[in-house]
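Below is one structure, written out as C-alpha cells, with a few remarks after it.
Numbering (our numbering), first residue to last: 242 to 328.
Here it is in C-alpha cells:
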C-alpha cells in the first residue's frame, strides 16, 4: 500500500472507530462495544503505520498527529464506558 492510500485509510479508520464508539455509547450491547474497541485498536495501528511512512506532507503529518490525539480521547471514552457498564 503506498503512503497516500495508507494515509487515507488511516484517517478513514479513525472516523469509523469514532462512529462505532458513539453508537456503542447509545446502546447497551456488549458485542457492539467490543467491535468498537477493535475498530479503535485497528485505527491506532493504521495511524502509527502511516506516521512512520516517508513522503508525507507537513499537512498530512499534522492531520495524523490530530488523528492520534482524537484516538486518545476515544480510548478514554471506551475506558469510561467499560468502567461504568461492564465492570
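Don't be surprised by glycine CBs; every beta carbon is placed ideally from N, CA and C.
Note that this is a predicted model, so its numbers are computed, not measured.
When you compare the CB positions of residue i and residue j, do they come within less than 8 Å of one another, or not?
{"i": "residue 277", "j": "residue 261", "result": "yes"}
{"i": "residue 281", "j": "residue 258", "result": "yes"}
{"i": "residue 315", "j": "residue 288", "result": "no"}
{"i": "residue 318", "j": "residue 244", "result": "no"}
{"i": "residue 327", "j": "residue 291", "result": "no"}
Where does residue i land, buried or exposed, given buried means 16+ other C-beta within 10 angstroms?
{"i": "residue 274", "result": "buried"}
With three or more C-beta pairs closer than 8 Å as the rule, is the stretch 321-328 touching the stretch 301-313? no
Could you give the uninterrupted runs of the alpha helix (DSSP H) lying entirely in the stretch 251-316, keeping only those of 4 residues or more? 271-292
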